[in-house]
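Order-wise, the sequence lines are chains A and B.
Just so you know, our numbering puts 60 at position 72 of the first sequence, and the rest follows in order with no gaps.
Just so you know, our numbering puts 31 at position 43 of the second sequence, and the rest follows in order with no gaps.
C-beta atoms are modelled at their ideal positions from N, C-alpha and C, and glycine is treated no differently.
Quick caveat: nothing in here was measured; it's all calculated off a predicted structure.
Written below as structure tokens is the structure these notes are about.
Number of protein chains: 2
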Amino acid sequence: MERLTRQRIAIATVIEAARRPLSPQEICDAAQAHVAGLGVATVYRTLKAMIAEGAVRGVELPGEPPRYEPTGLGHHHHFRCDGCARVFDFDACPGGLDALAPKGFVSERHEFVLYGKCPECAARKRGVGTRARR
Amino acid sequence: MERLTRQRIAIATVIEAARRPLSPQEICDAAQAHVAGLGVATVYRTLKAMIAEGAVRGVELPGEPPRYEPTGLGHHHHFRCDGCARVFDFDACPGGLDALAPKGFVSERHEFVLYGKCPECAARKRGVGTRARR
DNA sequence: TTGCAAATGAGAATGCAGTATCAGTAGAAT
DNA sequence: ATTCTACTGATACTGCATTCTCATTTGCAA
């Protein structure tokens, strides 16, 4: 990342502005609003550089490719919406999780993911569609 | 799964006997002790059938392909060893995790994974992992 | 036994996320 | 403005986990 290009500004802006981890494809789509024609290869290249710099980190969820978010957000966990597949941050974390490891196991860190419906999808499920409930 | 073959018995036995979720490759390796030459294609085919029957379920961990374990083990979580990459079950689960979701979010389930060293690898300290992969 | 469809094993094929290639583009130092 | 060269976009390619193909084997019912 030696030169400051429109593409890199767009990508950094998108990641910073999102309040949630974004997939490379989400980043690409959003960045194209700033720079038309921006390609995925550039997104991957730039992500790699930003991770090496320590500005961005990958967020792995079970069964899907990584998403990316700015570093320095503090300890938090993620909520994945079953409706729209978007992932959101939340700060709550019950303490003492690492102490749950069985005897003999040494736990150093933990991942914790909630699954369900985000506010939008929770509302949409009830309000839209042909299945009027009675 | 209409016919009871040596291969299928071997695979079912291996999954049942393990106290932890196994990757398809681990299952294949272990089953070959029962039936020499058993191939991965058979493992995948049999897993698919066993999942359809409800006898086995997939366990997804962040950033890696699924492992498989018998159904009916009750609610539990997983510990992944950084040393040997094996995954173990443990029953402990702090209650109320789903209540940690931010306002407006509806949490229906959660995944929770501990990372660290299993007893063997903790004892081996800095030794190189000699265990089977995954 | 026999017969036959289900099951198997080996390897080719697929799907997909991510990476490399390369000719053309465009920062930025001069 | 010129020049150098890092950067870009399109696309081919890689690596992998998983699935398909097909000739052969094998449960198992008759």
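Which residues does DSSP pair with B:F67 in a beta bridge? B:F76, B:L102
Which class does A:T118 belong to by DSSP, given the choice of helix, strand or coil? Here the model assigns A:T118 a pLDDT of 42, short of 50, so the residue's position is not dependable, and the following value carries that caveat. Coil.
To the nearest angstrom, report how far apart A:V28 and A:C106 are at their CA atoms. 27 Å
Identify which residue in A:E4, A:E14, A:T1 has its Cα closest to the Cα of A:A72. Reading off the sequence, residue 72 of chain A comes out as Cys, not Ala. Looking at the Cα atoms, A:E14 is the closest of the given residues.
A:F78 vs A:H64 beta-carbon contact at 8 Å: yes
Note the first and the last residue of the continuous alpha helix (DSSP H) segment covering B:V31. 28 to 41
Relative to the C-alpha of A:F67, which candidate in B:C109, B:Q20, B:E(-10), B:H98 has its C-alpha closest? B:H98
Per-residue burial, A:E57 [other beta carbons within 10 Å of its own, 16 or more giving buried]: buried
Name the chain A residues whose beta carbon is nearer than 9 Å to that of B:S95? F67, L102, Y103, G104, K105
Could you tell me whether the Cβ of A:D17 comes closer than 8 Å to any Cβ of chain B? no
Quick one: give me the first and last residue of the alpha helix (DSSP H) that B:V2 is part of. -6 to 5
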